[in-house]
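With my numbering applied, the sequence shown corresponds to residues 5 to 129, in that order.
Glycine included, C-beta positions come from ideal geometry on N, C-alpha and C.
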Amino acid sequence: MVPVGSEAEGVSIAAGAALGGKVVASYMEETGVYVSCYNILPVGVRYGVPMLLLVSYVGSFADRRNSFLYVQRGFKLIPQLEALDVQYQVIRNGEGLERKVKDAVRMMNSLKQPVALLFTEDFTL
Numbered sequence: 005m006v007p008v009g010s011e012a013e014g015v016s017i018a019a020g021a022a023l024g025g026k027v028v029a030s031y032m033e034e035t036g037v038y039v040s041c042y043n044i045l046p047v048g049v050r051y052g053v054p055m056l057l058l059v060s061y062v063g064s065f066a067d068r069r070n071s072f073l074y075v076q077r078g079f080k081l082i083p084q085l086e087a088l089d090v091q092y093q094v095i096r097n098g099e100g101l102e103r104k105v106k107d108a109v110r111m112m113n114s115l116k117q118p119v120a121l122l123f124t125e126d127f128t129l
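Printed below as a string of structure tokens:
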């Protein structure tokens with residue numbers, strides 16, 4: 005685990021570790037995807053660097069703490085990931101979580117690109 009100053013920095017560090025042969029993940033809130041999208045696109049997508057993006061999907065319909073702070077950006081998260089060509093899966097509860105994470109790691113390694121798991125509902129209590 006490496007503490008960073010911003011999500012963009014975290015994505016860059018994760019990309020460097022992935023290029024060095026490590027299996028990497030970067031955790032962020034959904035607003036962090038906006039902050040790091042410049043780093044995700046050229047490093048992750050264009051250069052084919054696999055990394056797992058673990059995203060707290062606050063502001064979604066299923067967000068149990070939904071507030072005006074997150075909802076404006078939350079409903080734009082999926083269109084943004086699609087525009088970046090990042091595959092994603094919405095995770096609503098812990099059922100089968102280990103399998104879903106393993107599936108995402110397998111997918112990111114097969115695609116040689118970032119893959120996102122969006123955690124909402126039970127994870128936003």
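On a CA-only basis, which of the options is nearest residue i? Give me that one, please.
i           : options            : result
residue 116 : 106, 54, 104, 88   : 54
residue 27  : 127, 122, 124, 105 : 105
residue 99  : 17, 111, 124       : 124
residue 78  : 69, 35, 31         : 35
residue 22  : 51, 32, 38         : 51
Where does residue i fall in DSSP's three states?
i           : result
residue 88  : coil
residue 112 : helix
residue 10  : coil
residue 29  : strand
residue 104 : helix
residue 129 : coil
residue 24  : coil
residue 18  : helix
residue 69  : coil
Identify every residue that forms a DSSP beta bridge with residue i.
i           : result
residue 123 : 60, 95
residue 118 : 55
In whole angstroms, what is the alpha-carbon distance linking residue i and residue j?
i           : j           : result
residue 24  : residue 48  : 14 Å
residue 93  : residue 63  : 16 Å
residue 129 : residue 96  : 11 Å
residue 11  : residue 101 : 23 Å
residue 85  : residue 61  : 12 Å
residue 87  : residue 118 : 13 Å
residue 8   : residue 30  : 10 Å
residue 40  : residue 103 : 27 Å
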